[in-house]
Amino acid sequence: MFKFTRNEIRDLIISFLVISLGFAIMFSNGTFSSLELLLPISMVGVGIGFIFHEIAHKLSSMHYGYWAEYKLWAPGLVLALVSALFFGIMFAAPGAVYTYGNNVSKEQNGIISLAGPVTNIAIALIFLLISVLIYPLAFQNSIIALIFLTLSIGFSINSFLAVFNLLPFGGLDGSKVLRWNPIIWIISIAIAGIMTYFSMTLGVETIVRMILGI
């Protein structure tokens, strides 16, 4: 049965708020006067990306019959804010979904770990698709322009979350995916890496204009 514990809901909410603030600080480029606008926008991108990332891990674990629960990691939350504030980049390791079960196979562990980053890639692409569809209207309506900005930041955040979690270090998802299937790991981190690179170098609006041929 799929359910969240009270502690799990608390940890998810705290993690969500902290990394939303961290990403808002990162995107503000030190201009804290823009946080009032960027924080709600960041919460949309992080809210969808972060929550569904963790739900994907939880659902995958429970698909194999294991109990899974999200727990925050306090040092990771502090690191997220410090890195965003002083270095302009997010080290987003707020916590993790812990799978409880005996004899979890390498394949099961790899698939469970891959589910989160793949969810972020899918969400980023959905944001990009909607951005392409509404872009011509963004010049005619300020509300649609704000929605386009929200989708653009959501694309960047989810692309970054995917590539960060696929890094093959420590307890990150990438190390478990790599141990299970190196080819799938290379393909998934390459896709996430390309998306992140273009979002950071070209910008989402330029990507959209290239797709539309304008």
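In the working numbering, each residue carries its 1-based index in the sequence shown increased by 78.
All residues carry an ideal CB built from backbone N, CA and C; glycine is no exception.
Model, not experiment: these values are computed from the prediction.
Burial state of residue i, where buried means 16 or more other Cβ atoms lie within 10 Å
| i | result |
| --- | --- |
| Glu185 | exposed |
| Phe247 | exposed |
| His141 | exposed |
| Leu256 | buried |
| Val156 | exposed |
| Thr279 | exposed |
| Met288 | exposed |
| Gly166 | exposed |
Residue i, DSSP secondary structure in three states
| i | result |
| --- | --- |
| Trp258 | helix |
| Lys136 | helix |
| Lys81 | coil |
| Leu19 | The shown model of the chain, from 79 to 292, leaves out residue 19, and the question about it has no answer. |
| Gly100 | helix |
| Thr109 | coil |
| Leu244 | coil |
| Gly291 | coil |
| Leu239 | helix |
Span separating the alpha-carbon of residue i from that of residue j
| i | j | result |
| --- | --- | --- |
| Leu245 | Phe128 | 17 Å |
| Pro118 | Asn181 | 42 Å |
| Gly291 | Thr284 | 10 Å |
| Phe169 | Val160 | 9 Å |
| Ala162 | Phe226 | 23 Å |
| Tyr275 | Ser98 | 21 Å |
| Tyr178 | Lys136 | 11 Å |
| Trp151 | Leu215 | 42 Å |
| Ala270 | His131 | 14 Å |
| Gly100 | Ala158 | 6 Å |
| Leu250 | Gln218 | 43 Å |
| Leu224 | Gly143 | 42 Å |
| Ile208 | Tyr148 | 30 Å |
Same chain, Cβ closer than 7 Å to residue i, five either side skipped, listed in chain order
| i | result |
| --- | --- |
| Ser138 | Ile189, Ile190 and Ala193 |
| Ser237 | Ala202, Ala270, Met273, Thr274 and Ser277 |
| Asn85 | none |
| Trp258 | Lys184, Glu185, Asn187 and Gly188 |
| Tyr213 | Phe226, Val286 and Leu290 |
Chain-order list of residues whose beta-carbon lies under 6 Å from that of residue i (same chain, five-residue window excluded)
| i | result |
| --- | --- |
| Val282 | Ser230 and Phe233 |
Cutoff 8 Å; reference residue i; Cβ partners in own chain excluding five residues on either side
| i | result |
| --- | --- |
| Ile262 | Gly188, Leu192 and Val255 |
Short CB-CB distance (under 8 Å) between residue i and chain C
| i | result |
| --- | --- |
| Gly271 | The structure shown contains no chain C; it is built from a single protein chain. |
Next item on the list: Scan the region 191-231 and note each continuous alpha helix (DSSP H) run of 4 residues or more that stays entirely inside, going in chain order.
Entry: none
Next item on the list: Could I get the ranges of all uninterrupted beta strand (DSSP E) runs contained in the region 144-192, with 3 residues as the minimum, in chain order?
Entry: 145-150 and 173-178
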